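Down below is the structure, laid out as structure tokens.
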Amino acid sequence: MNRREFLAGSALAALSLSGCATRGRDVAASGRALIKPPRLKPRALVGLVAPSGVVTDATIQRCVTNLEALGFSVKTSANIRKSWGGYAGPVRDRVDDLHAMFADREVAGLWVARGGSGAAALLPHLDYGLIARNPKILVGYSDITALHLAIQRHAGLVTFHGPGAGATQGEYSLIHQYAMLMSPRPSYRMGGSPLNQERGERETAFKRHRWTGGVAEGRLTGGNLSVLVALIGTPYAPVIRDSLLCLEEVSEAPYRIDRMLTHMHQSLGLDTVAGAALGVFSRCEPRDNEPSLTLREVLDNHFANSPVPAAYGFSFGHIAENLTLPFGIRARMDADEDAITLLEPAVA
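Numbered by the numbering used here, the letters in the sequence shown go through residues 108 to 455 in order.
This is the structure in structure tokens:
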């Protein structure tokens, strides 16, 4: 069985089981329920967008090939080949592409080509009312954290922190992503990747660690640590009180991670979360011959005395075996078993 047949079969089996800028409503402050986008169906048309870093023709082709291998048809955004320095075009063009894809009645969901940098500049210009009136699945991670947090807060839409279209996903990632996006279930458990657990035996970045055991429940939020921290003080920062806070990072020195977590604690109240699930912090150890705490020492400093369940090494981050996390959905984290269970369907 080839990759396309496997994925199409998995999807069908899963299914058988079951502009002007407007800030929009502040869902976090109102306490109103979030909007769930319609589930994806086999052979659905999905839109490929680039809200962050510039993309090449080769990257676009890889994204299209990957999405077609998942069984979808693909529509590329009008300005996707533009560039402005290292960004995928000027802010206005990237905003127009997002608005056009959300407004297009034929497009069932949006997949981001890549992360990089630059998504935060779009936030004041997004029409959150348009997005709320046209709820669709949005998938991406890393710099796309900015879009997830702003859309969750001001459009009230559940979005999906997971592998972008350009990523090469393993079977673990694909199975969980298909089940979440295409087959709504009353609850859904996502345990750790066996491959990541095996890598944890020889690679520090993947080694699991539990600071405070137990089970916690709350709404999923978070994403890339540095992108999240950059939103603090803006109208787009998340409300993390009583949430299940999911954080990951890549290529940041320990002292910078320490500074960001300190800022989170002092501004958002890092100790007010219901639980902390840290993914894999890739390439975050100190440089050779540089006086520094290790990544583990920095994280211990912030989480060793956590009054709520807190653990490191969950299967998400800048890694191949990468879970898709639906931000805004109620979930349960088991710090002892490296598991996150969704307590409601992520899609309608």
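Just so you know, even glycine gets a beta-carbon here, dropped at the ideal spot from N, CA and C. Predicted model, so just to flag it, every value in this text is computed and none were measured.
Secondary structure at PRO301: helix, using DSSP grouped into helix, strand and coil. CA-to-CA, the gap between ARG296 and TYR419 works out to about 18 Å. PRO342 and GLU213 have their alpha carbons spaced roughly 31 Å apart. Beta-bridge partners assigned by DSSP to PHE388: GLU356. Put simply, the backbone Cα of ALA427 is about 16 Å away from that of SER358. Sequence-distant Cβ neighbours of PRO145 in its own chain, meaning closer than 6 Å and more than five residues away, are ALA455. According to the DSSP assignment, THR401 belongs to no beta strand (DSSP E), since it is labelled neither H nor E. The beta carbons of VAL153 and ALA195 sit about 18 Å from each other, so the pair does not count as a contact at 8 Å.
Taking every protein chain shown into account, the CB of GLU175 has fewer than 16 other CB atoms within 10 angstroms, so this residue is exposed. For PRO393, there is no enclosing beta strand (DSSP E), as DSSP marks it with neither H nor E.
By the criterion of a C-beta distance shorter than 6 Å, ALA228 is surrounded in its chain by VAL198, once the five residues flanking it on both sides are discounted.
Judged by DSSP in its simplified three-state form, THR183 adopts strand. Judged by beta-carbon spacing, ALA220 lies beyond the 8 Å limit of ILE142, meaning their Cβ atoms are not closer than that value. Among the bridge pairs identified by DSSP, TYR194 is matched with GLY160, TRP191. Taking a contact to require three or more Cβ pairs closer than 8 Å, the region 369–389 and the region 346–353 qualify as touching.
Contact annotation, LEU155 with ALA226: C-beta distance approximately 15 Å; criterion of less than 8 Å not satisfied. Given a length threshold of 4 residues, each whole run of the alpha helix (DSSP H) inside the region 263–299 is given here in chain order: 278–289.
Restricting attention to LEU245, ASP204, HIS268, the CA atom closest to the CA of THR328 is found in HIS268.
A straight line joining the alpha-carbon of LEU245 with that of ALA446 spans about 23 Å. Only residues of its own chain outside the window of five on either side were considered, and among them PRO197 have a CB closer than 6 Å to the CB of TRP191, listed in chain order. The C-beta distance from ALA312 to SER389 rounds to 6 Å, short enough to fall under 8 Å. Exclusion of the five residues before and after LEU288 leaves ARG146, LEU147, GLY216, ILE244, VAL246, PHE267, THR431, ALA453, VAL454 as the residues of its chain whose Cβ lies within less than 8 Å of its Cβ.
Boundaries for HIS372: no beta strand (DSSP E) harbours it, while the alpha helix (DSSP H) harbouring it runs 361–374, taken from the DSSP string. Between PRO433 and LEU450, the beta carbon gap of about 11 Å keeps them out of contact (Cβ cut-off 8 Å). Annotation for TYR235: the continuous alpha helix (DSSP H) segment containing it runs 235–240.
Collapsing the DSSP output to three states places PRO231 in a helix. For LEU254, there is no enclosing beta strand (DSSP E); the residue is part of the alpha helix (DSSP H) that begins and ends at 252–261.
CA-CA distance, LEU335 to ILE347, rounds to 11 Å. Non-local C-beta neighbours of ALA323 in its own chain, meaning closer than 6 Å and more than five positions away in sequence, comprise ALA381, GLY382, VAL415, PRO416, MET440, ordered along the chain.
In this structure, LEU375 sits away from GLU355, with a CB-CB distance that is not shorter than 8 Å. In the assembly as shown, THR401 is an exposed residue. Its beta-carbon has fewer than 16 other beta-carbons within 10 Å.
Around the C-beta of ALA253, 16 or more other C-beta atoms lie within 10 Å, and the residue is accordingly described as buried.
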